[in-house]
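Undergrad:
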Amino acid sequence: MENAEALLIGGRSGVGKSTVALEVSARLRAAGVRHALIEGDLMGHVHPAPAGDPHRTGIVERNLTAVWANYAELGCTRLIYTNTLSVMPETGPVFQRAMGAGVRIVRVLLTASAGTARARLMERERGSELADGLRSSLRKGPLLDERAPAGTVRVVTDGRSVVDVAHDVVAAVGWAP
Numbered sequence: 127m128e129n130a131e132a133l134l135i136g137g138r139s140g141v142g143k144s145t146v147a148l149e150v151s152a153r154l155r156a157a158g159v160r161h162a163l164i165e166g167d168l169m170g171h172v173h174p175a176p177a178g179d180p181h182r183t184g185i186v187e188r189n190l191t192a193v194w195a196n197y198a199e200l201g202c203t204r205l206i207y208t209n210t211l212s213v214m215p216e217t218g219p220v221f222q223r224a225m226g227a228g229v230r231i232v233r234v235l236l237t238a239s240a241g242t243a244r245a246r247l248m249e250r251e252r253g254s255e256l257a258d259g260l261r262s263s264l265r266k267g268p269l270l271d272e273r274a275p276a277g278t279v280r281v282v283t284d285g286r287s288v289v290d291v292a293h294d295v296v297a298a299v300g301w302a303p
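Per my numbering, residue 127 is the first one in the sequence shown, and the count goes up by one each step.
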């Protein structure tokens, strides 16, 4: 779709991606800005992984393409997309294929200290996912810091309200008056 725009919100587990994305959506809704929100983690939530696609990249792209086509049919040109690694350089082609070659991509990396992320995960997770979430957060936080491409907007979430963080994210993407 021509003029499509994607706000990619990434960050380690426990940084607040989903919470911030919902607040960004609320702000955009209040301003009358047409948009869609996709939780990227759910686009590849299938077991077992498709044959030949252990990281589920192919199924995520197919699902993103299909869901975006439905939103575009409704007139949406703006997408808020959350996923831990969505800000990485290799995601650009996925969004270009799913949303159109001219898609404008804004990458926002939410950051938090390991301690803050751990505390949030311990509040949120129940059951067997906690240990995996803690390990993932410790591993991916430094990876994201090192590999997020130039131009990625970094927004600190430690000690800040979701309203303040969402304000910074909306300002970075430039979608609201």
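Idealized CB from N, CA, C, for every residue including glycine.
Indicate whether residue 138 and residue 208 have their beta-carbon atoms separated by less than 8 angstroms.
TA: Going by C-beta atoms, residue 138 is not nearer than 8 angstroms to residue 208.
Undergrad: Can you find the residues in the same chain that come closer than 7 angstroms, C-beta to C-beta, to residue 193, ignoring five residues on each side of it along the sequence?
TA: Taken in chain order, the residues that qualify are 164.
Undergrad: Less than 8 angstroms between the C-beta atoms of residue 134 and residue 231, yes or no?
TA: Yes.
Undergrad: Can you tell me where the alpha helix (DSSP H) holding residue 184 begins and where it ends?
TA: Note, residue 184: alpha helix (DSSP H), 183-199.
Undergrad: Please report how far the alpha carbon of residue 298 lies from the alpha carbon of residue 279, in whole angstroms.
TA: Each residue's Cα considered, the two are about 7 angstroms apart.
Undergrad: For the beta strand (DSSP E) containing residue 165, name the first residue and the last one.
TA: Note, residue 165: beta strand (DSSP E), 162-165.
Undergrad: Residue 208 bridges to which residues according to DSSP?
TA: BP columns for residue 208 point to 135 and 165.
Undergrad: Alpha carbon to alpha carbon, how far is residue 186 from residue 291?
TA: For residue 186 and residue 291, the distance between alpha carbons rounds to 27 angstroms.
Undergrad: With 16 as the cutoff for other CB atoms within 10 Å, does residue 129 come out buried or exposed?
TA: So residue 129 ends up on the exposed side.
Undergrad: State the beta-bridge partners of residue 230 as determined by DSSP.
TA: The partner list for residue 230 (beta bridge, DSSP) reads 131.
Undergrad: Once you ignore the five residues that flank residue 175 on each side, which residues in its own chain have a CB closer than 7 angstroms to its CB?
TA: Closer than 7 angstroms at the Cβ level, and outside the excluded window around residue 175, lie 182.
Undergrad: Inspect the beta-carbon positions of residue 140 and residue 259 and report whether they are closer than 8 angstroms.
TA: For residue 140 and residue 259, yes; Cβs fall inside 8 angstroms.
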